[in-house]
Every structure is written in C-alpha cells, then in structure tokens.
Amino acid sequence: MEQRKSMADTMQAYVISEPGGPERLELKEILRPSPRDGWVLIRNRAFGLNRSEWFTRRGDSPSVRFPRVLGIECAGEVVAAPGSSLPVGQRVVAMMGGMGRQFDGSYAEYVLVPQQNVFALQTQLEWKRLAALPEMLQTVHGSLHVGLEIERAKNILVRGATSSIGFTAISLARSADLEVTATTRNPAKADELKVAGAAHVIVDEGAIADKARAIYADGYDRVLELIGATTLLDSLRATRRGGIVCMTGILGGSWVLQDFHPMGDVPTGVKLTSYSGEAADITSAQLQHYVSLVESDELSLKLGPSFRFGRLREAHTLMDENRANGKIVIEVD
Numbered sequence: 516m517e518q519r520k521s522m523a524d525t526m527q528a529y530v531i532s533e534p535g536g537p538e539r540l541e542l543k544e545i546l547r548p549s550p551r552d553g554w555v556l557i558r559n560r561a562f563g564l565n566r567s568e569w570f571t572r573r574g575d576s577p578s579v580r581f582p583r584v585l586g587i588e589c590a591g592e593v594v595a596a597p598g599s600s601l602p603v604g605q606r607v608v609a610m611m612g613g614m615g616r617q618f619d620g621s622y623a624e625y626v627l628v629p630q631q632n633v634f635a636l637q638t639q640l641e642w643k644r645l646a647a648l649p650e651m652l653q654t655v656h657g658s659l660h661v662g663l664e665i666e667r668a669k670n671i672l673v674r675g676a677t678s679s680i681g682f683t684a685i686s687l688a689r690s691a692d693l694e695v696t697a698t699t700r701n702p703a704k705a706d707e708l709k710v711a712g713a714a715h716v717i718v719d720e721g722a723i724a725d726k727a728r729a730i731y732a733d734g735y736d737r738v739l740e741l742i743g744a745t746t747l748l749d750s751l752r753a754t755r756r757g758g759i760v761c762m763t764g765i766l767g768g769s770w771v772l773q774d775f776h777p778m779g780d781v782p783t784g785v786k787l788t789s790y791s792g793e794a795a796d797i798t799s800a801q802l803q804h805y806v807s808l809v810e811s812d813e814l815s816l817k818l819g820p821s822f823r824f825g826r827l828r829e830a831h832t833l834m835d836e837n838r839a840n841g842k843i844v845i846e847v848d
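What follows is the structure, given as structure tokens:
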C-alpha cells in the first residue's frame with residue numbers, strides 16, 4: 516500500500532541543476548505537485564520546445580534559479596482545479612505566467628499552473644499538434660496586434676519567416692488583409708513561403724534594406740523582426756516614416772544590440788518596440804478561433820519533428836543545431 520501511494524505522489528520530470536548542454540537535463544522521479552486554490556493541475560500530454568528554454572538551459576536567463584523543471588507551455592487534461600469551474604478531464608493548454616522560470620514547468624508528466632494561464636479548448640486535434648500551438652499563437656497574435664498594431668497597416672515584412680513563428684505570422688497577417696513580404700537565407704524555401712501567403716520573398720544575405728525598398732520605395736508599414744539584434748538596424752532602415760519595427764525573435768542568438776546609437780540608428784519617425792508579452796494578451800475566444808482555423812486547415816503551421824518524452828535531450832540537441840525546420844513537440848508517455 517505504501518509503495519502504491521508513493522508512486523501516485525511522484526512523477527517523471529526533467530530537472531536541470533546547473534546550466535549547460537542537453538546533458539544537463541536529468542530525468543528524475545520527483546514529487547507530483549499538489550492542487551491548490553487558484554491553480555490547475557494538468558496531466559501533461561505534450562509540450563512544444565521554445566527558444567527561450569534553450570537560453571535558460573544555457574544559463575542566459577538571469578532571473579531563473581536552479582534546480583528547475585523547464586518548459587513554458589503544455590497541452591493536457593485537467594486533473595484538479597480547486598476554486599475553478601474547469602471540470603476534471605477538460606482539454607486545456609497552458610502557457611507562460613512563470614512556467615519553467617519562477618516555478619516548475621512542462622518538462623514533466625504533471626504541471627501545476629496559475630488558473631489565469633490555462634485555456635480550456637473545444638478541439639479534437641491530436642495532442643502533438645495541439646501542443647505546438649499555445650505559445651506560437653500567443654506570440655504571433657501579440658506581436659501583430661499589440662506590438663505592431665497591424666489594424667492601421669497595409670503591408671508587413673516578416674524577417675526570419677521560415678521559422679515556425681514567422682510561418683504562422685505570414686498566415687495571420689494575410690488573414691488580416693496585409694500584403695506580406697517574407698525573408699529567408701535559403702532561396703530554395705521561397706516557394707514554401709509563397710504557398711504560406713507571402714506576396715514577395717527576399718533572400719536575406721545579411722542586409723535587405725535596399726531590396727525591401729525596391730518593393731516599397733518608402734519602406735514598409737510594419738516589420739516583424741525575428742532574427743533579433745544582429746539584423747535589427749537593417750530592418751529599421753527598411754521601414755517607412757511612421758512605420759513600426761517589433762523585435763520578437765532572437766533567432767540570431769543575441770539579446771543585446773552592441774554599440775547602439777539611437778539618434779543615428781533609428782531613422783526619424785520610425786518606431787521601435789519589442790514583444791515578449793504574456794498569456795493575458797490573448798483571450799480564450801481568440802485562441803479558440805485560431806485553434807479552430809488550424810483544425811479546418813485554414814491556418815498554416817510549420818511543424819517540426821516530434822519526440823517521445825524519453826528523448827528530450829535529443830530534441831534539445833536538434834534545437835542547438837538549428838535543424839528542426841519547424842516547431843519541435845515532445846509527447847509525454
């Protein structure tokens with residue numbers, strides 16, 4: 516009896532005790548979190564991997580203290596939700612709010628998440644497909660509507676468009692009737708971007724401002740910067756007066772803009788912002804709408820490989836090597 520009770524109170528989770536490579540992710544038997552008011556205990560079925568987790572694993576997130584279970588999103592079923600109307604068994608996704616940073620996250624069989632970061636969904640999507648969506652949809656929605664205010668724009672340049680975020684941004688921007696220009700370092704991916712909805716594709720060899728202005732002489736209304744600090748100044752030069760550049764991604768691997776001179780580097784009248792928002796930036800109804808579009812194949816996604824839970828280190832190695840070619844998802848046994 517004591518052994519059965521012990522097993523019921525524990526779970527498998529990947530714990531990182533110090534920063535480093537994928538080998539620092541140790542699969543351990545730890546205590547399962549206990550339900551409490553205002554929080555939702557979720558049976559984790561699958562979760563997506565995110566670049567921010569890669570930075571945290573390497574020790575580049577100063578606010579995160581180790582040991583920690585990483586993971587900022589998941590998809591699963593409600594086990595318990597004290598003080599909430601969420602029924603046991605309800606399909607949900609959860610994201611952000613400190614997951615995997617201030618408290619243990621989704622690299623585990625069970626996850627305890629604040630109620631406000633849990634979204635009940637009506638969907639029959641398979642778990643690995645559903646798990647690819649929450650952070651990706653929230654990030655794109657927030658970047659377009661909070662960061663870039665696309666309601667007042669007619670065109671947008673997506674820099675780093677072959678990433679999973681970029682691919683989804685093309686699709687959502689097109690659904691908002693914007694003309695989309697996408698960039699890629701690989702000319703062979705141009706057709707893929709056009710199928711996703713890009714009207715123009717620019718091959719990015721490090722500087723694109725001149726190529727961008729060959730399409731729009733005055734520059735772009737909006738630029739979604741997914742490469743990050745390494746290409747940001749060039750993206751600013753591709754933007755029209757009154758336009759907005761929003762830095763959301765760090766695909767280039769750098770958080771920091773070296774030798775930044777605002778008076779000289781930011782063109783007059785061009786607005787620079789960033790987006791690293793929270794789950795509160797998207798409503799349950801908006802997320803449900805996007806999930807329904809995915810379910811009906813009206814929203815394009817770029818999904819990478821999926822891995823079983825026991826192969827998480829292998830998945831992180833793939834992310835290290837930038838070989839995923841889409842959103843990586845881990846299926847929890």
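Count along the sequence shown from 1, add 515, and you get the number used in my numbering.
Glycine is no exception: its CB is placed at the ideal position from the N, C-alpha and C atoms.
- In the structure shown, Lys-543 adopts extended strand secondary structure according to DSSP, grouped into three states.
- Assignment of beta-bridge partners to Trp-569 by DSSP yields no partner.
- 9 Å or more divides the Cβ of Leu-693 from the Cβ of Leu-814.
- Going by beta carbons, Ile-797 and Gly-586 fall outside the 9 Å limit.
- Contact check for Thr-638 against Leu-645 passes: the beta carbons are separated by less than 9 Å.
- In the three-state reduction of the DSSP assignment, Trp-770 falls in the coil class.
- Here Met-526 carries a strand assignment [DSSP, helix/strand/coil].
- The DSSP-derived three-state label of Glu-813 is coil.
- Beyond the five residues adjoining it in sequence on each side, Leu-652 comes within less than 8 Å, by CB distance, of Thr-683, Ile-797, Leu-802, Tyr-805, Val-806 in the same chain, given in chain order.
- Within the DSSP bridge table, the entry for Asn-559 names Gly-591 as partners.
- In this structure, the straight-line span from the alpha carbon of Gly-734 to that of Gly-721 is close to 17 Å.
- The criterion of a C-beta distance shorter than 9 Å is satisfied by Val-608 and Ala-590.
- A distance below 8 Å between beta-carbons, with the five flanking residues on each side excluded, links Val-781 to the following residues of its chain, in chain order: Leu-751, Leu-787.
- When the alpha-carbon of Gly-681 is set against those of Thr-763, Asn-632, Leu-663, Glu-624, the nearest one is in Thr-763.
- Looking at the DSSP output, Phe-618 sits in a beta bridge with Met-614.
- Rounded to the nearest angstrom, the gap between the Cα atoms of Gly-553 and Leu-601 is 11 Å.
- Taking 8 Å as the upper bound for CB-CB distance, Ile-845 and Met-834 are not in contact here, some 11 Å apart.
- Between Ala-705 and Ile-665, the gap from beta carbon to beta carbon reaches 9 Å or more.
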